[in-house]
Amino acid sequence: MGASGFEIVVNTIKMLAIFLLMVQLVPILVWVERRGSAYIQNRFGPNRVGPLGLTQLLADAVKFLFKEEFRPPSSVAFMYYAAPVLALIPGALAFAAIPLSAPFTLDYDGQTYNFLFQSYQLGAGIVFVLAVSSLGAYALLFAGWGSGNKYSLMGALRASAQMISYELALGLSLVGILMIYGTFSFSEMVSAQQGPLNFVLFGTPVVIDFLPNWGIFYQPLGFILFFAATFAETNRAPFDLPEAEAELVAGYHTEYGGLKMLMFYIGEYGHMMVASALLTTFYFGGWDLPFGSEFLKEALPSSFIYSLVMHLVFMGKVLFFLWVFVWVRWTVPRFRYDQLMDLGWKTMLPVALANTVATAVIVVLFNSVGR
Amino acid sequence: MEALVPILVLTLVVATFGSLLVYVSSILGPKKHYTRTKYMPYECGLPGTESETTNVSVRYYLTAILFIVFDIEILFMYPWALTYRDFIEAGHGAYIFWVMFVFIALFLFGLIWEIRSKALEWD
Numbered sequence: 001m002g003a004s005g006f007e008i009v010v011n012t013i014k015m016l017a018i019f020l021l022m023v024q025l026v027p028i029l030v031w032v033e034r035r036g037s038a039y040i041q042n043r044f045g046p047n048r049v050g051p052l053g054l055t056q057l058l059a060d061a062v063k064f065l066f067k068e069e070f071r072p073p074s075s076v077a078f079m080y081y082a083a084p085v086l087a088l089i090p091g092a093l094a095f096a097a098i099p100l101s102a103p104f105t106l107d108y109d110g111q112t113y114n115f116l117f118q119s120y121q122l123g124a125g126i127v128f129v130l131a132v133s134s135l136g137a138y139a140l141l142f143a144g145w146g147s148g149n150k151y152s153l154m155g156a157l158r159a160s161a162q163m164i165s166y167e168l169a170l171g172l173s174l175v176g177i178l179m180i181y182g183t184f185s186f187s188e189m190v191s192a193q194q195g196p197l198n199f200v201l202f203g204t205p206v207v208i209d210f211l212p213n214w215g216i217f218y219q220p221l222g223f224i225l226f227f228a229a230t231f232a233e234t235n236r237a238p239f240d241l242p243e244a245e246a247e248l249v250a251g252y253h254t255e256y257g258g259l260k261m262l263m264f265y266i267g268e269y270g271h272m273m274v275a276s277a278l279l280t281t282f283y284f285g286g287w288d289l290p291f292g293s294e295f296l297k298e299a300l301p302s303s304f305i306y307s308l309v310m311h312l313v314f315m316g317k318v319l320f321f322l323w324v325f326v327w328v329r330w331t332v333p334r335f336r337y338d339q340l341m342d343l344g345w346k347t348m349l350p351v352a353l354a355n356t357v358a359t360a361v362i363v364v365l366f367n368s369v370g371r
Numbered sequence: 372m373e374a375l376v377p378i379l380v381l382t383l384v385v386a387t388f389g390s391l392l393v394y395v396s397s398i399l400g401p402k403k404h405y406t407r408t409k410y411m412p413y414e415c416g417l418p419g420t421e422s423e424t425t426n427v428s429v430r431y432y433l434t435a436i437l438f439i440v441f442d443i444e445i446l447f448m449y450p451w452a453l454t455y456r457d458f459i460e461a462g463h464g465a466y467i468f469w470v471m472f473v474f475i476a477l478f479l480f481g482l483i484w485e486i487r488s489k490a491l492e493w494d
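Going down the list, the protein sequences come from chains U and H.
1 is the number of the first residue of the first sequence in this note's numbering; add one for each residue after it.
372 is the number of the first residue of the second sequence in this note's numbering; add one for each residue after it.
Following this line, the structure appears as structure tokens:
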């Protein structure tokens with residue numbers, strides 16, 4: 001966490017701020033989800049509490065606080081209470097490892113300190129995020145098994161079977177982008193995506209000025225696969241079979257109410273935020289602002305303000321993807337279960353494999369794409 | 372080891388935050404009063420018939436086992452992808468490509484075999 005007291009204080013504040021950023025984004029996202037679905041379905045949505053219904057979620061949170069504490073007697077107490085807490089942890093841990101903006105420096109007591117705009121940096125950050133976010137399956141299994149209800153159990157089993165099936169396609173679709181950038185570190189991946197699109201084609205350098213040097217131009221198929229797999233990983237529509245309300249009531253959180261259900265929501269939206277942040281970092285240049293990064297770095301007075309502005313750019317991209325999550329949910333109908341599993345195992349896995357081989361061939365032929 | 376300290380701290384912070392949320396609603400909420408139907412496992416309007424230890428379809432175990440095999444195979448591709456460019460720059464591009472091609476061919480063979488043996492059928 002740092003050597004000197006100042007570093008420890010700043011890093012702790014940063015860590016708490018990033019965690020609270022994740023928690024505080026959830027009410028806004030729920031509002032976007034409800035108003036967005038209302039907009040798509042040509043109705044009003046919540047519009048009574050506060051301007052545009054913005055404080056609706058505040059009212060909901062207060063209501064959740066004063067709900068009766070309830071545990072069904074057939075449930076397993078430890079699992080029943082541990083599941084909502086466990087649902088929070090993977091999203092928070094994964095989100096903290098992603099660089100949210102450019103590194104900055106602060107002066108204190110005559111010394112200059114360097115800080116990263118993330119809670120911690122790990123050498124194998126990508127592997128860490130993949131590993132931690134798949135721990136989310138434990139929360140679902142705890143909730144399903146601990147509730148003592150067959151709907152919960154079936155929802156949890158479906159959810160975990162679906163999560164592990166799509167994790168294969170998710171993991172394999174990343175091999176291509178790893179090959180292009182040759183790194184496990186998010187920061188290196190972002191800095192490799194700065195500037196205009198340039199690559200070496202059969203020994204001749206090619207520069208395309210009007211396009212940014214983003215991963216999506218090197219890995220379009222990988223992007224589509226990763227994008228589709230994240231929907232299944234976060235249990236969102238059209239892959240929201242675990243909560244198919246016509247069959248399973250509410251899936252693994254059937255027996256939950258009040259704040260405990262809200263915590264599952266925070267976990268789910270946290271997963272969506274991690275997925276959006278990963279999409280941004282891998283394929284859309286992270287906090288890179290095309291054609292503006294260099295200029296802003298010169299124009300802004302301090303590196304801390306530059307970091308904050310770049311953070312807004314990053315969050316803009318993340319919020320766009322979060323809106324896409326909402327948009328898709330209210331546009332595309334739900335899959336049938338066998339269709340879902342067939343898509344994961346028999347379509348996306350072979351296509352991801354083909355993408356890997358194609359990338360390998362292209363990299364070996366063109367010799368130095370991207371780097 | 373020092374790199375793990377912030378992860379541990381964050382885990383503790385989140386776990387405390389979560390436990391606090393679970394605990395707070397038990398203080399603030401109204402006191403419970405017992406009714407028989409409220410304490411039954413949730414069922415859509417009918418009295419429940421099954422016990423809580425429902426049998427689980429073995430298909431999911433098969434899916435989980437197949438997942439582990441394939442996931443480990445994919446994990447083996449990660450170091451290869453990471454060092455691929457270095458091998459090309461050192462002039463061993465064709466070698467590292469064909470070595471991995473054999474591995475990927477085996478992966479594909481396993482997947483096709485699985486599909487043909489109807490291990491990946493859901494109904």
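Built from N, CA and C at the ideal position, the CB exists for glycine as well.
Bear in mind that the values here come from a model prediction, so they are computed numbers and not experimental data.
Name, in chain order, the residues that DSSP records as bridge partners for residue i.
i, result
"F199 (chain U)", "U:V206"
"P212 (chain U)", "U:P196"
Is the beta carbon of residue i less than 7 Å from the beta carbon of residue j?
i, j, result
"L248 (chain U)", "G155 (chain U)", "yes"
"M263 (chain U)", "L140 (chain U)", "no"
"Y265 (chain U)", "L29 (chain U)", "no"
"P412 (chain H)", "E68 (chain U)", "no"
"A237 (chain U)", "R158 (chain U)", "no"
"W484 (chain H)", "D338 (chain U)", "no"
"V274 (chain U)", "G389 (chain H)", "no"
"S160 (chain U)", "I18 (chain U)", "no"
"A352 (chain U)", "I98 (chain U)", "no"
"F95 (chain U)", "M22 (chain U)", "yes"
"F104 (chain U)", "F304 (chain U)", "yes"
"A59 (chain U)", "V49 (chain U)", "yes"
"F64 (chain U)", "A124 (chain U)", "no"
"L170 (chain U)", "L453 (chain H)", "no"
Once the 5 residues before and after residue i are set aside, which same chain residues still bring their CB inside 7 Å of it?
i, result
"A38 (chain U)", "F44, G45"
"L255 (chain U)", "One point to set straight first is that residue 255 (chain U) is Glu, not Leu, in the sequence displayed. These residues qualify, in order along the chain: P72, S75, S147, N149, S152."
"Y166 (chain U)", "A229, A232, E233, G344"
"L217 (chain U)", "With the sequence shown as reference, residue 217 (chain U) is identified as Phe, and Leu is not the correct amino acid for it. So the qualifying residues of the chain are L197, L211."
"F314 (chain U)", "L100, S101, T280, G286, W287"
"Y455 (chain H)", "I467"
"F142 (chain U)", "M79, A82, A83, L86"
"V26 (chain U)", "Y265, I266, Y269"
"K297 (chain U)", "Y306"
"F239 (chain U)", "Q162, F231, A232, F335, L340"
"K260 (chain U)", "P84"
"L122 (chain U)", "A97, F128"
"N355 (chain U)", "S173, G176, L221, G222, L225"
"L345 (chain H)", "A query on residue 345 (chain H) cannot be resolved here, the shown segment of chain H reaching from 372 to 494 and no further."
If we cut at 7 Å on Cβ distances, does residue i have a partner in chain B?
i, result
"R407 (chain H)", "The displayed structure is made up of protein chains U and H, and chain B is not among them."
For residue i, which residues in the same chain have their Cβ closer than 6 Å to its Cβ, ignoring the five residues on either side in sequence?
i, result
"F223 (chain U)", "I216, Y283"
"G36 (chain U)", "V326"
"V129 (chain U)", "A94, A97"
"T55 (chain U)", "V49"
"I126 (chain U)", "F184"
The ligand PLP and residue i: does the residue's C-beta get closer than 6 Å to at least one heavy atom of that ligand?
i, result
"L174 (chain U)", "This structure does not include the ligand PLP; it has no bound ligands of any sort."
Apart from the five residues just before and just after residue i, which ones in its own chain have a Cβ nearer than 8 Å to its Cβ?
i, result
"V369 (chain U)", "At V369 (chain U) the pLDDT is 47, less than 50, meaning the model places this residue with poor confidence; the figure from the coordinates comes in the next sentence. Only I180, F199, V200, Y218, I362, V363 meet the Cβ criterion."
"A374 (chain H)", "none"
"V10 (chain U)", "G2, L106, Y113, F115"
"I459 (chain H)", "I467"
"W323 (chain U)", "V32, G36"
"V207 (chain U)", "P196, L197, N198"
**chain H contacts made by the segment 148-164 of chain U, where a contact means CB separation under 7 Å** = G148, N149, K150, Y151, L153, L157, A161, I164
**Asked** What are the uninterrupted segments assigned as beta strand (DSSP E) that are 3 or more residues long and contained completely in the segment 97-185 of chain U, given in chain order?
**Response** 104-108, 111-115
**Cβ-based contacts, 9 Å cut-off: residues of the segment 456-479 of chain H near chain U** = R456, D457, I459, E460, G464, A465, I467, F468, M471, F472, I475, F478, L479
**Short-range partners of chain H found in the segment 89-116 of chain U, where Cβ spacing is below 7 Å** = I89, A92, L93, A96
**Message:** Restricting to runs no shorter than 4 residues, where is the alpha helix (DSSP H) found entirely within the segment 266-335 of chain U?
**Reply:** 293-299, 303-329
**Item:** Sequence ranges, alpha helix (DSSP H) only - wholly within the segment 427-451 of chain H, length at least 4
**Value:** none
**Item:** Residues within the segment 249-282 of chain U neighbouring chain H, beta-carbon criterion of under 7 Å
**Value:** V249, T254, E255, G258, L259, K260, M263
**Request:** Determine which residues of the segment 349-365 of chain U have a Cβ less than 8 Å from any Cβ of chain H, and write them out in chain order.
**Result:** L349, P350, L353, T356, V357, A360, V361, V363, V364
**Item:** Where the segment 436-447 of chain H meets chain U: residues whose CB sits under 7 Å from a CB there
**Value:** F438, F441, D442, I445
**Request:** Could you please tell me which residues of the segment 335-347 of chain U, in chain order, have their CB closer than 7 Å to any CB of chain H?
**Result:** Y337, D338, M341, W345, K346
**Asked** Can you list, in chain order, the stretches of the alpha helix (DSSP H) that have 4 or more residues and sit fully within the segment 27-71 of chain U?
**Response** 56-65
**Prompt:** At a Cβ cut of 8 Å, what residues of the segment 375-401 of chain H count as close to chain U, listed as they run along the chain?
**Reply:** V376, P377, I378, V380, L381, T382, V384, V385, A386, F388, G389, S390, L392, V393, V395, S396, S397, L399, G400, P401
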